[in-house]
Amino acid sequence: RVEFWRRKIEGNKKRDERNVQSLMNDGWRVCVFWECGIRNKSSSDLSFVIKNLVDFVSSGNERFLEIRSFDEEG
């Protein structure tokens, strides 16, 4: 069932991209927050997430933020 899951995941990614773009086209700022971005993380990692969220909300400059895992955010 590898091909089934490959198509399903790719379809989900494309749907998510369309939905985010639609929201942004309507003037929304979008934050995508993945549960895996905080599950079983240390308090310093969680502080990093909170800082990013606060910066995103308070700045008003950025239109999109995605928090998925700390390894990918640098």
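In terms of the working numbering, the sequence shown opens at residue 475 and continues consecutively. C-beta atoms are modelled at their ideal positions from N, C-alpha and C, and glycine is treated no differently. Small disclaimer: the values here were computed from a predicted structure and weren't measured.
Exercise. Would a C-beta distance cut-off of 8 Å place Val-476 and Phe-538 closer than the cut-off?
Worked result: no
Exercise. For Leu-497, which residues of its own chain have a beta-carbon under 8 Å away from its beta-carbon, when the five flanking residues on both sides are left out?
Worked result: Val-504
Exercise. Do the segment 481-489 and the segment 516-530 touch if we need at least three Cβ pairs shorter than 8 Å?
Worked result: no
For this session: Use the C-beta contact count for Gly-511: other C-beta atoms within 10 angstroms, 16 or more gives buried, fewer gives exposed.
Result: buried
Exercise. DSSP three-state call for Ile-512: helix, strand or coil?
Worked result: coil
Exercise. Do you know how far the Cα of Phe-522 is from the Cα of Asp-529?
Worked result: 11 Å
For this session: May I ask you to report which of helix, strand or coil DSSP gives Glu-540?
Result: strand
Exercise. With distances taken between CB atoms, is the gap from Trp-508 to Arg-542 smaller than 8 Å?
Worked result: yes
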